[in-house]
Every structure is written in C-alpha cells, then in structure tokens.
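Residues in the sequence shown are numbered from 14 upward in steps of one, following the numbering used here.
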Amino acid sequence: MALYTLGDTHLSLSVNKPMDVFGGVWQGYLDKLAEGFSILRPEDTLVIPGDISWGMSLEEAEADFAWLDAWPGTKILLKGNHDYWWNSMAKMTRFFEEKGFTSLKILHNTCYFYGNVALCGSRGWFFEEEGPDKAQNEKILNREVGRLETSLKAAGDKEKLCFLHYPPIFKGYRCPPVLDLLTQYGVTTCYYGHLHGKSLRRAVQSTWNGVAYRLVSADYLNFQPEKILD
14 MALYTLGDTH LSLSVNKPMD VFGGVWQGYL DKLAEGFSIL RPEDTLVIPG DISWGMSLEE
74 AEADFAWLDA WPGTKILLKG NHDYWWNSMA KMTRFFEEKG FTSLKILHNT CYFYGNVALC
134 GSRGWFFEEE GPDKAQNEKI LNREVGRLET SLKAAGDKEK LCFLHYPPIF KGYRCPPVLD
194 LLTQYGVTTC YYGHLHGKSL RRAVQSTWNG VAYRLVSADY LNFQPEKILD
C-alpha cells in the first residue's frame with residue numbers, strides 16, 4: 014500500500030487540446046503518464062491536485078475519467094483552474110456512479126484518511142492586494158480559505174497533509190490567508206501544482222513557518238507520481 018501524488022495531468026482524450034503542442038517535456042505526455050501510472054496497485058492511493066481534464070463539462074471529460082479509472086488504486090481529485098467540468102459534489106458523485114467510475118473520489122469541503130493521516134485540500138487562489146479585480150479576488154480567496162478550513166477541521170487531531178492546486182508560496186509571492194491556515198492547523202506538508210515551464214524555477218521546495226512545501230506538477234515530476242507514504 015502506498016500514497017502518491019501528481020498534479021496537472023491535463024488529459025484531453027475527447028477534446029482537441031493536447032499538451033503535446035507545447036513540445037519539450039509535454040511531447041508524448043499521455044504515454045509518459047501511462048508509464049508513470051503503471052506503478053499503481055489496487056491498494057494504492059493517488060491524489061491529483063487539479064488541472065485534471067480539459068473537458069468543459071462532465072460529459073466532455075468522461076473519456077479522461079475513464080482513463081484514470083482504468084488504472085489500479087483510488088484516485089482523489091481536486092479542482093484546478095482549468096477544470097471547467099467541475100460541478101456540485103452531488104452531480105459529480107452521481108455522474109461517477111452512473112458511469113461506473115468506482116475508483117474516483119472528489120476532495121471538496123471534506124478530507125480523506127490514509128491510515129492515521131488526513132488528506133486535506135482545496136483549489137486555493139492567488140492573493141492580490143491591488144488591481145481592478147481586487148474585490149472579486151478577495152471574494153474567491155475567502156471562499157477557498159473557507160473550504161480549506163472545512164477540510165482541515167474534518168481531519169480532527171490526525172496528522173494533516175494538504176493538497177492545493179495554486180501554490181500558496183513561491184519566490185516573490187505569498188498568500189497569507191492560506192499560509193496562516195496551514196500553520197494554524199499544524200499541516201506537516203503542502204503539495205501543490207499549477208507551475209509549469211519557466212515558472213518552475215520560482216517554486217518553493219523547503220519548509221516555511223513549520224510547513225514543508227513540495228511542487229508536484231506532472232511536468233516537474235517527469236510524469237512519475239511521487240510517493241509520499243507506504
């Protein structure tokens with residue numbers, strides 16, 4: 014039994030938005046993901062923190078969900094900024110049940126337990142102090158902070174691992190409301206995605222204020238899921 018994570022799969026099996034067009038490490042990325050996912054066993058768990066499918070609806074993303082579901086193990090999915098298929102928890106759960114996707118779970122306003130460890134998380138958001146969209150940014154940020162706190166509270170006194178799509182910290186940037194929450198609830202490690210290409214050099218891969226931060230974008234991990242726990 015093992016716990017893995019890998020973000021930003023950007024699957025595109027039923028819409029014409031393959032990441033291959035970016036070339037470089039993304040060339041042939043589906044085959045690379047398949048090679049990486051081949052390590053999964055039925056007793057394993059894989060957390061995918063966002064940007065899972067380019068599908069604009071649950072129906073458009075169905076082929077991508079089927080691809081994920083076909084691999085062994087449990088897959089826990091979080092929302093990313095490109096997951097336009099994301100819907101209410103009830104609709105997503107019902108869709109998975111109707112399609113027979115038994116290995117897919119949604120992490121939203123809750124947490125899951127892996128042994129004595131709680132798997133918490135939310136999409137997160139970028140904190141902007143100024144700009145024309147300041148009020149809207151603050152509204153979305155406050156909503157995401159509330160969802161994250163709900164997830165952390167659900168963990169009780171268990172050791173907490175946090176998964177976010179947006180990085181709460183990188184070189185030249187901090188999101189205080191999220192960072193404070195992670196410290197307040199004693200999160201040991203925060204895994205995040207979203208950063209690609211030249212942005213990878215800005216990733217924080219160290220401990221800040223008691224919380225370890227780890228980038229797990231698929232291209233950063235060379236499309237190989239990172240093992241967190243046995």
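Here a beta-carbon is modelled for each residue, glycine too, at the ideal position from N, C-alpha and C.
Given a cut-off of 8 Å, decide if Ser-27 and Glu-73 are closer than it, judged by their beta-carbon atoms. Stepping through the sequence shown from its first residue, residue 73 is reached at position 60. Stepping through the sequence shown from its first residue, residue 27 is reached at position 14. In this structure, the beta-carbon distance from Glu-73 to Ser-27 falls below 8 Å.
Mind pulling the alpha helix (DSSP H) runs of 4 or more residues that sit fully within the segment 35–70? The qualifying runs are 42–50.
Within 10 Å of its beta-carbon, does Pro-62 have 16 or more other beta-carbons around it, so buried, or fewer, so exposed? Sequence index remark: in the sequence shown, residue 62 carries index 49 (1-based). It is buried - the Cβ of Pro-62 has at least 16 other Cβ atoms within 10 Å.
Less than 8 Å between the C-beta atoms of Tyr-125 and Ile-89, yes or no? If you number the sequence shown from 1, residue 125 lands on position 112. If you number the sequence shown from 1, residue 89 lands on position 76. The answer is yes: Cβ separation under 8 Å.
Just the Cα atoms here: how many angstroms apart are Ala-47 and Ala-216? The sequence position of residue 47 within the sequence shown is 34, counting from 1. The sequence position of residue 216 within the sequence shown is 203, counting from 1. Distance between the alpha carbons of Ala-47 and Ala-216: 26 Å.
CA-CA distance, Arg-54 and Thr-87? Within the sequence shown, residue 54 is the residue found at index 41, counting from 1. Within the sequence shown, residue 87 is the residue found at index 74, counting from 1. Cα to Cα, Arg-54 sits roughly 9 Å from Thr-87.
Based on DSSP bridge pairs, tell me the residues matched to Thr-220. To locate residue 220, count along the sequence shown from 1; it is residue 207. DSSP, once it has assigned bridges, lists Ala-225 as partnering Thr-220.
What is the DSSP secondary structure of Phe-236, reduced to helix, strand or coil? Looking up residue 236 in the sequence shown gives position 223. If DSSP states are grouped into helix, strand and coil, Phe-236 belongs with coil.
Range of the contiguous beta strand (DSSP E) that encloses Ser-135: The residue given as residue 135 occupies position 122 in the sequence shown. Ser-135: member of the beta strand (DSSP E) spanning 130–135, first to last residue.
The beta strand (DSSP E) spanning Leu-192 covers which residue range? Numbered from its first residue, the sequence shown carries residue 192 at position 179. In the DSSP annotation of this structure, Leu-192 is not part of any beta strand (DSSP E); the continuous alpha helix (DSSP H) holding it starts and ends at 189–197.
Neighbour-count burial assignment, Glu-111, 16 or more Cβ in a 10 Å radius: In the sequence shown, counting from the first residue as 1, residue 111 sits at position 98. The residue in question, Glu-111, is exposed, as its Cβ has fewer than 16 Cβ neighbours within 10 Å.
Just mark Leu-173 as buried or exposed, buried being the case when its beta carbon has 16 or more other beta carbons within 10 Å. The sequence position of residue 173 within the sequence shown is 160, counting from 1. It should be noted that the sequence gives Lys, not Leu, for residue 173. The residue in question, Lys-173, is buried, as its Cβ has 16 or more Cβ neighbours within 10 Å.
Would Glu-157 be called buried (16 or more neighbouring beta carbons within 10 Å of its own) or exposed? Here residue 157 is taken as the residue at index 144 of the sequence shown, counted from 1. The residue in question, Glu-157, is buried, as its Cβ has 16 or more Cβ neighbours within 10 Å.
Quick check on Lys-184: does DSSP put it in helix, strand or coil? The sequence position of residue 184 within the sequence shown is 171, counting from 1. Three-state result, Lys-184: coil.
Sufficient close CB pairs (3 or more, under 8 Å) joining the segment 64–72 to the segment 15–23: Output reads yes: the segment 15–23 touches the segment 64–72.
Cβ neighbours of Met-32 in the same chain (closer than 8 Å, five flanking residues each side left out): The sequence position of residue 32 within the sequence shown is 19, counting from 1. So the list reads His-23, Ser-25, Trp-39, Tyr-42, once near-sequence residues are dropped.
Select from Gly-49, Ser-135, Leu-213 the residue whose C-alpha is nearest the C-alpha of Asn-122. On the sequence shown, position 109 is the one that residue 122 refers to. When only C-alpha atoms are compared, the closest one is Ser-135.
8 Å Cβ cutoff met for Ala-15 and Lys-240: Along the sequence shown, one-based indexing puts residue 15 at 2. Along the sequence shown, one-based indexing puts residue 240 at 227. Contact: yes.
Residue from Val-60, Ser-230, Thr-18 with nearest C-alpha to Lys-211: Position 198 of the sequence shown, counting from 1, holds the residue named residue 211. Out of Val-60, Ser-230, Thr-18, Ser-230 has the C-alpha closest to the C-alpha of Lys-211.
State the CB to CB distance for the pair Gly-37 and Phe-236, rounded to an integer number of angstroms; the pair is presumed to be in contact (CB under 8 Å). The sequence position of residue 37 within the sequence shown is 24, counting from 1. The sequence position of residue 236 within the sequence shown is 223, counting from 1. Gly-37 to Phe-236, Cβ: 12 Å. No contact.
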